[in-house]
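Q: So that we are looking at the same thing, I have put the structure below in structure tokens.
Residue numbers (full-length UniProt numbering): 1 to 194.
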């Protein structure tokens with residue numbers, strides 16, 4: 001996928017402070033509707049960057065932005081090690097080994113900068129319920145709860161804060177053993193898995 005980073009400029013020449021990462025796909029209705037809306041309202045678009053998001057590890061390490069993707073993978077790997085999410089073990093013959101892959105994306109920061117992000121993920125479709133997973137619950141707030149909290153905040157003159165816990169998903173305890181292929185580029189010994 002290719003992303004174009006744009007700033008929208010109104011008819012008076014004022015730049016919108018928001019930065020957008022727009023997937024470039026001329027066959028996509030959302031893309032075409034976006035540009036129709038820009039033309040109808042007499043806005044202009046200023047492009048301040050283009051990046052290609054790799055679909056796999058080989059594309060990442062062979063791209064012209066390979067240093068940035070490598071840094072993103074290194075950060076993810078270091079986070080996994082810091083949180084002690086796995087240990088290397090010898091490859092068991094009697095267990096299913098879950099394949100893994102790198103997933104890449106870019107994040108638009110508040111200041112308009114672009115942050116490259118890589119996640120190492122297991123291909124969950126290879127798991128079997130009752131063997132290498134049991135529960136799939138993830139705690140989430142309902143939208144109704146969030147709206148009530150925001151209403152109470154406004155009515156009482158409170159100040160709302162939000163936070164993002166980086167790599168929060170790494171803190172969950174597993175209730176069974178899972179064996180996963182190490183990520184490409186980070187394990188030299190084929191006889192070991194994570």
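Ideal Cβ positions, reconstructed from N, Cα and C, are used throughout, including at glycine.
For residue 179, tell me which candidate among 99, 16, 71 and 81 has the shortest Cα-Cα distance.
A: For the purposes of this step, residue 179 is taken as the residue at position 179 of the chain shown. Comparing Cα positions, the closest option is 99.
Q: Taking only runs that begin and end inside the region 58-134, name each unbroken alpha helix (DSSP H) of 4 or more residues, in chain order.
A: 66-82
Q: What whole-angstrom Cβ distance do residue 77 and residue 54 have, given they're in contact under 8 Å?
A: Walking along the chain shown from the start, residue 77 turns up at place 77. Walking along the chain shown from the start, residue 54 turns up at place 54. Between residue 54 and residue 77 the Cβ distance is about 17 Å, and since that is not below 8 Å, they are no contact.
Q: For chain B, find out if any of its Cβ atoms is closer than 8 Å to the Cβ of residue 119; answer yes or no.
A: Among the protein chains of the structure shown there is no chain B, as only one such chain exists.
Q: So within the region 135-161, which uninterrupted beta strand (DSSP E) runs reach at least 3 residues, ignoring any that extend past its ends?
A: none
Q: Could you tell me the distance, in whole angstroms, from the CA atom of residue 87 to the CA atom of residue 144?
A: Translated into positions along the chain shown, residue 87 becomes position 87. Translated into positions along the chain shown, residue 144 becomes position 144. Computed Cα separation, rounded: 41 Å.
Q: Can you have a look at residue 183 and say buried or exposed, based on whether 16 or more other CB atoms are within 10 angstroms of its CB?
A: Here residue 183 corresponds to residue number 183 of the chain shown, with the count starting at 1. By the neighbour-count rule (16 or more Cβ atoms within 10 Å), residue 183 is buried.
Q: Within its chain, find whatever has a CB closer than 7 Å to the CB of residue 153; leave out the 5 residues flanking it on each side and keep chain order.
A: In the chain shown, the residue the question calls residue 153 occupies position 153. Answer for residue 153: 160, listed in chain order.
Q: Is residue 179 helix, strand or coil when you go by DSSP?
A: By 1-based counting over the chain shown, the position of residue 179 is 179. Strand.
Q: Taking 8 Å as the limit between beta carbons, can you name the residues of its chain near residue 9, skipping five residues before and five after?
A: For the purposes of this step, residue 9 is taken as the residue at position 9 of the chain shown. Excluding sequence neighbours, residue 9 sits near 15, 16, 43, 44, 45 and 46.
Q: Using DSSP bridges, identify the partner residues of residue 192.
A: Taking the first residue of the chain shown as position 1, residue 192 is located at position 192. For residue 192, which the question treats as bridged, DSSP gives the partners 90.
Q: Residue 192 and residue 101: beta carbons closer than 8 Å?
A: Start at 1 with the first residue of the chain shown, and residue 192 comes out as number 192. Start at 1 with the first residue of the chain shown, and residue 101 comes out as number 101. Contact: no.
Q: Closest to residue 52 by CA distance: which of 106, 194 and 147 is it?
A: As a working mapping, residue 52 is identified with position 52 in the chain shown. If we check each option's Cα against that of residue 52, 106 comes out closest.
Q: Note down the Cα distance separating residue 59 from residue 149, rounded to an integer number of angstroms.
A: The sequence position of residue 59 within the chain shown is 59, counting from 1. The sequence position of residue 149 within the chain shown is 149, counting from 1. Distance between the alpha carbons of residue 59 and residue 149 is about 44 Å.
Q: Helix, strand or coil for residue 40, going by three-state DSSP, please let me know.
A: Residue mapping note: residue 40 aligns to position 40 of the chain shown, counting from 1. In the structure shown, the three-state DSSP call for residue 40 is helix.
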